[in-house]
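Participant:
Number of protein chains: 2
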Amino acid sequence: METETKRLGKTPSIRRMSLYLNRLKAYQEKGIEIVTSNDIAADIDVLPIVVKKDLQLVEPPTKKRAGYIVNGTIKAITAFLGWDKQKSAILIGVGHLGSALLGYRGFPGLTFVAAFDTDVKKIGTTIHNIPVLNISNLSDFLKKRKIEIAVLTMPSEHAQKIVDLLTQGNILAIWNFTRAKIHVPPHVALQREDLSAGLAELSAKIKNNQ
Amino acid sequence: METETKRLGKTPSIRRMSLYLNRLKAYQEKGIEIVTSNDIAADIDVLPIVVKKDLQLVEPPTKKRAGYIVNGTIKAITAFLGWDKQKSAILIGVGHLGSALLGYRGFPGLTFVAAFDTDVKKIGTTIHNIPVLNISNLSDFLKKRKIEIAVLTMPSEHAQKIVDLLTQGNILAIWNFTRAKIHVPPHVALQREDLSAGLAELSAKIKNNQ
Chain A
1 METETKRLGK
11 TPSIRRMSLY
21 LNRLKAYQEK
31 GIEIVTSNDI
41 AADIDVLPIV
51 VKKDLQLVEP
61 PTKKRAGYIV
71 NGTIKAITAF
81 LGWDKQKSAI
91 LIGVGHLGSA
101 LLGYRGFPGL
111 TFVAAFDTDV
121 KKIGTTIHNI
131 PVLNISNLSD
141 FLKKRKIEIA
151 VLTMPSEHAQ
161 KIVDLLTQGN
171 ILAIWNFTRA
181 KIHVPPHVAL
191 QREDLSAGLA
201 ELSAKIKNNQ
Chain B
1 METETKRLGK
11 TPSIRRMSLY
21 LNRLKAYQEK
31 GIEIVTSNDI
41 AADIDVLPIV
51 VKKDLQLVEP
61 PTKKRAGYIV
71 NGTIKAITAF
81 LGWDKQKSAI
91 LIGVGHLGSA
101 LLGYRGFPGL
111 TFVAAFDTDV
121 KKIGTTIHNI
131 PVLNISNLSD
141 FLKKRKIEIA
151 VLTMPSEHAQ
161 KIVDLLTQGN
171 ILAIWNFTRA
181 KIHVPPHVAL
191 QREDLSAGLA
201 ELSAKIKNNQ
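Heads up: the sequence lines are chains A and B, in that order. Using the working numbering, read the first sequence as starting at 1 and increasing by one per residue. Using the working numbering, read the second sequence as starting at 1 and increasing by one per residue.
1. Compare the C-beta of A/E4 against all C-beta atoms of chain B and say whether one is closer than 8 Å.
2. At which residues does the beta strand (DSSP E) containing B/L110 begin and terminate?
3. The alpha helix (DSSP H) spanning B/S37 covers which residue range?
4. Within a Cβ cutoff of 7 Å, which residues of the same chain sit near B/K146, ignoring the five residues on either side of it in sequence?
5. For a cutoff of 8 Å on Cβ pairs, would you count A/E201 as touching chain B?
6. Name, please, each residue of chain E whose Cβ falls closer than 9 Å to the Cβ of A/Y68.
7. Is it a yes or a no for the stretch 24-36 of chain B touching the stretch 102-115 of chain B, going by three-plus beta-carbon pairs under 8 Å?
8. Rounding to the nearest angstrom, what Cα-Cα distance links A/L172 and A/P131 in this structure?
9. Straight-line CA distance for A/I149 to A/W175?
10. On the DSSP letters alone, give me the boundaries of the alpha helix (DSSP H) that B/A48 sits inside.
11. Determine, using beta carbons only, whether B/N88 comes closer than 8 Å to chain A.
12. Check this for me: beta carbons of A/A180 and B/M17, under 8 Å apart or not?
13. Alpha carbon to alpha carbon, how far is A/K122 from A/L183? Give it in angstroms, no decimals.
14. With a threshold of 16 other CB atoms inside 10 Å of the CB of A/Q120, please say whether the residue is buried or exposed.
15. Which residue spans inside the stretch 122-193 of chain B form an unbroken alpha helix (DSSP H) run of at least 4?
16. Under a CB-based cut-off of 8 Å, is B/P217 close to chain A?
17. Could you tell me whether the Cβ of A/D194 comes closer than 8 Å to any Cβ of chain B?
18. Is the distance from the Cβ of A/I34 to the Cβ of A/V70 below 8 Å?
19. How should A/K30 be labelled, buried or exposed, when 16 other C-beta atoms within 10 angstroms of its C-beta is the threshold for buried?
20. With a cut-off of 8 Å, does the C-beta of B/K82 fall near any C-beta of chain A?
21. Residues of the stretch 174-187 of chain B in Cβ contact with chain A at a cutoff of 7 Å, in chain order, please.
22. When DSSP labels each residue in this structure, what does A/K205 get in the three-state scheme?
23. Please name the residue in B/A66, B/I92 and B/I40 whose C-alpha comes closest to that of B/A159.
24. Identify, in the order they occur along the chain, each residue of the same chain with its Cβ nearer than 7 Å to the Cβ of B/L97, setting aside the five sequence neighbours on each side.
25. What number of angstroms, rounded off, separates the C-alpha of A/Y155 from the C-alpha of B/K143?
26. Could you give the first and the last residue of the continuous alpha helix (DSSP H) run that contains B/A79?
27. So is A/I90 buried or exposed if we call it buried at 16+ other beta carbons inside 10 Å?
28. Could you run through the stretch 104-125 of chain B and flag, in chain order, every residue whose CB is less than 8 Å away from some CB of chain A?
29. Can you tell me whether B/R15 is buried or exposed, with buried defined as 16 or more other CB within 10 angstroms of its CB?
30. Starting from the C-beta of B/H128, find all residues in its chain whose C-beta is less than 6 Å away, skip the five residues before and the five after it, and write them out in chain order.
31. In terms of residue numbering, what span does the beta strand (DSSP E) encompassing B/A89 cover?
32. So, is A/R192 buried or exposed, given that buried needs 16 or more other C-beta atoms within 10 angstroms?
33. Comparing alpha-carbon positions, which option in B/F107, B/L21 and B/T125 lies nearest A/G198?
34. Using a cut-off of 7 Å between C-beta atoms, extract the partners of A/M17 located in chain B.
35. Residues bridged to A/I34 by DSSP?
36. In chain A, which residues lie with their C-beta within 8 Å of the C-beta of B/K144?
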C-alpha cells in the first residue's frame, strides 16, 4: 500500500521530466549554461518549489549555488529515465493511432524496429520505414530479436492474448494505448495511456472559466 | 499560489475521470447497476480511497450505501467535465499526429469540424471526412463559426502567432500538442499535452525493475 501511495505521489514529478528535458535543451541551444528553478518554473508554468522537488529526484552534481547546470541536468534526467540507452520497441496494431506513433519523432530513447498487424493489406508494407509484420510471427520474432518495449494500439478485445505472447517473449515493458485492463507479471513494467485524460483536464478548465 | 497548489493537487483526479467513465460504461454494458469503490479500484489499479476521493469531486446523488449507482455516476462525471454538451473543435497542422487525432474516435464531447494547414497539397482535401482548409482563412472561419476548442499539432515555431489569431477569434480552449510555451488571455483554457510524459513514467518503471 505504502509503495503504491509513494508511487502515486511521484508520478506527476516523473511525468514532468520530459518537459524539463525539452526546456533544458532549449536553454542549451541558446548557449545558456546555468538556470535557476525560477527560470524553469516561469518557463513551464509550475511553482519554483515544484521544480526544486522534482529535480531532487535526479542525480547530482547538477546544482550550484547559482542554479542548475544545464548540461549536467540534461544528462542527469536522461540517465534517471534510462534514456541514455536506446531501447528497441515494437508496435501492435497499425491503425490511425498506431501509424501516427510510428511516425512521431518525439519519443526519446525509443526506436521502433517493427510493427505487427493482422490485416493482409498492411502486412509486408512499411510505415515510416518500419516494416509491418504478420502478428502470427510475433513469438518467433521475439525469440530472434531483443525487444524491450511493446506499444499496444490494437483493438482492446485482443489485448490480453497479445500481452501473454509478449511477456512469454521476454518483453520488459508494455505501453498500453488500448482501453483494456491487462495483466502482466511483476517484472514487466506497464503504463496505461489515456489520450482523453488531457481532454478531461482541459474540459474541467473550460467549466471553471464559465 | 494557493489556487495553483490546489489545482496541482486535483489534476491527477481529473485525469482519472475519463478512466472511470470507461469502466463505468463497461459495467453498464454488462447490466451492472451498482459498484463499490473496491470494484472500481481493482479494475483500474488504484487504491479504493483514491476512487472515493476522486468521485467526491462529482455531483451527488451517485452513491448509495451499497456503492455507486452506475448510470448516475456516468451522468455526474459527464456533466462534471462538460462532456454532456458537444463542443466544436478545429485542428491546426495536419501532419502525422494531427491526422491521427482527426481519425481518433475516443474523444468524448469533441467534434472536429475543420482542420487547417499551410500545405497546398493538403488544402482542399478531407482527412477522415474533415475538410482541410487554408490557414490564411482561419480568422474569417472563426468569425462565421462558433468554435470552442483548437488543437495545436503544427510546428512549435508558429504556435504563438496562430494562438493569437485563435484567441482573437473567441476560442474558449487550446489543447497544445506542440512543445511551444504559449501565452493566452486568462479566460482561455490551456492544456499542454506531452506524449513523452507517459514514456517517462514507463521508463522510470523499467529502471525500478532492473
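Built from N, CA and C at the ideal position, the CB exists for glycine as well.
Facilitator: Looking at the coordinates:
1. What you label residue 4 of chain A is simply residue 4 of the first sequence in a count that begins at 1. Residue confidence is low: A/E4 scores 42 on pLDDT, short of 50, so the model does not pin down where it sits. Its coordinate-derived value is still stated next. Closer than 8 Å: yes.
2. In the second sequence, counting from the first residue as 1, residue 110 of chain B sits at position 110. Per DSSP, B/L110 belongs to the beta strand (DSSP E) from L110 to D117.
3. As a working note, residue 37 of chain B is residue 37 in the second sequence. Unbroken alpha helix (DSSP H) run through B/S37: S37 to I44.
4. Here the question's residue 146 of chain B lines up with position 146 in the second sequence. Counting only residues of its own chain and dropping the five nearest sequence neighbours on each side, B/K146 has a CB closer than 7 Å to the CB of S88.
5. The count along the first sequence starts at 1 and reaches residue 201 of chain A at position 201. Chain B, which has a Cβ nearer than 8 Å to the Cβ of A/E201, makes this yes.
6. The chain inventory of the structure shown lacks chain E, comprising the protein chains A and B.
7. Not touching, per the Cβ criterion.
8. Along the first sequence, one-based indexing puts residue 172 of chain A at 172. Along the first sequence, one-based indexing puts residue 131 of chain A at 131. Whole-angstrom Cα-Cα distance: 21 Å.
9. For the purposes of this step, residue 149 of chain A is taken as the residue at position 149 of the first sequence. For the purposes of this step, residue 175 of chain A is taken as the residue at position 175 of the first sequence. The straight-line gap from Cα to Cα measures roughly 7 Å.
10. As a first step, residue 48 of chain B is located in the second sequence; it is residue number 48 there, counting from the start. For the sequence presented, residue 48 of chain B should be read as Pro rather than Ala. Note, B/P48: alpha helix (DSSP H), P48 to L55.
11. Position 88 of the second sequence, counted from the first residue, corresponds to residue 88 of chain B. Reading off the sequence, residue 88 of chain B comes out as Ser, not Asn. By this cut-off, B/S88 is not an interface position.
12. To locate residue 180 of chain A, count along the first sequence from 1; it is residue 180. To locate residue 17 of chain B, count along the second sequence from 1; it is residue 17. No. Outside cutoff.
13. Counting from one through the first sequence, the residue named residue 183 of chain A turns up at place 183. Counting from one through the first sequence, the residue named residue 122 of chain A turns up at place 122. It is worth fixing the name first, because residue 183 of chain A is His in this sequence and not Leu. When rounded, the distance between both Cα atoms is 28 Å.
14. Counted from its first residue, the first sequence places residue 120 of chain A at position 120. Position check: residue 120 of chain A holds Val in this sequence, whereas Gln was assumed. Exposed, since its Cβ has fewer than 16 Cβ neighbours within 10 Å.
15. 138-144 and 159-168
16. Past the boundaries of the shown model lies residue 217 of chain B; chain B is included only from 1 to 210, so the question cannot be answered.
17. Taking the first sequence and counting its residues from 1, the one referred to as residue 194 of chain A is at position 194. Yes, A/D194 counts as interfacial toward chain B.
18. If you number the first sequence from 1, residue 34 of chain A lands on position 34. If you number the first sequence from 1, residue 70 of chain A lands on position 70. Contact: yes.
19. Here residue 30 of chain A is taken as the residue at index 30 of the first sequence, counted from 1. A/K30 should be labelled exposed.
20. Reading the second sequence from its first residue, position 82 is the one you call residue 82 of chain B. The amino acid occupying residue 82 of chain B in the given sequence is Gly; Lys does not appear at that position. For B/G82, the answer is yes, since a Cβ of chain A falls inside 8 Å of its Cβ.
21. W175, R179, K181 and H187
22. As a working mapping, residue 205 of chain A is identified with position 205 in the first sequence. It is helical.
23. Stepping through the second sequence from its first residue, residue 159 of chain B is reached at position 159. Answer by Cα proximity: B/I92.
24. Here residue 97 of chain B refers to the residue found at position 97 of the second sequence. Around B/L97: T153 and F177.
25. Your numbering for residue 155 of chain A matches position 155 in the first sequence. Your numbering for residue 143 of chain B matches position 143 in the second sequence. Note that residue 155 of chain A corresponds to Pro in the displayed sequence, not to Tyr. Their backbone Cα atoms lie some 40 Å apart in a straight line.
26. Counted from its first residue, the second sequence places residue 79 of chain B at position 79. Residues V70 to F80.
27. As a first step, residue 90 of chain A is located in the first sequence; it is residue number 90 there, counting from the start. Label assigned to A/I90: buried.
28. Y104, G106, F107, P108, G109 and L110
29. On the second sequence, residue 15 of chain B is found 15 positions in, with the first residue counted as 1. Flag for B/R15 reads buried.
30. As a first step, residue 128 of chain B must be located in the second sequence, where it is residue number 128. These residues qualify, in order along the chain: L102 and G103.
31. By 1-based counting over the second sequence, the position of residue 89 of chain B is 89. Start and end: K87 to I92.
32. Within the first sequence, the letter at position 192 stands for residue 192 of chain A. By the 10 Å Cβ count, A/R192 comes out buried.
33. What you label residue 198 of chain A is simply residue 198 of the first sequence in a count that begins at 1. Minimum Cα distance to A/G198 is reached at B/F107.
34. On the first sequence, position 17 is the one that residue 17 of chain A refers to. Within 7 Å Cβ-Cβ: A200.
35. One-based indexing of the first sequence puts residue 34 of chain A at position 34. In DSSP, A/I34 forms a bridge with A/I69.
36. Translated into positions along the second sequence, residue 144 of chain B becomes position 144. Counting only Cβ-Cβ distances below 8 Å, B/K144 has no contacts in chain A at all, with the closest Cβ about 22 Å away.
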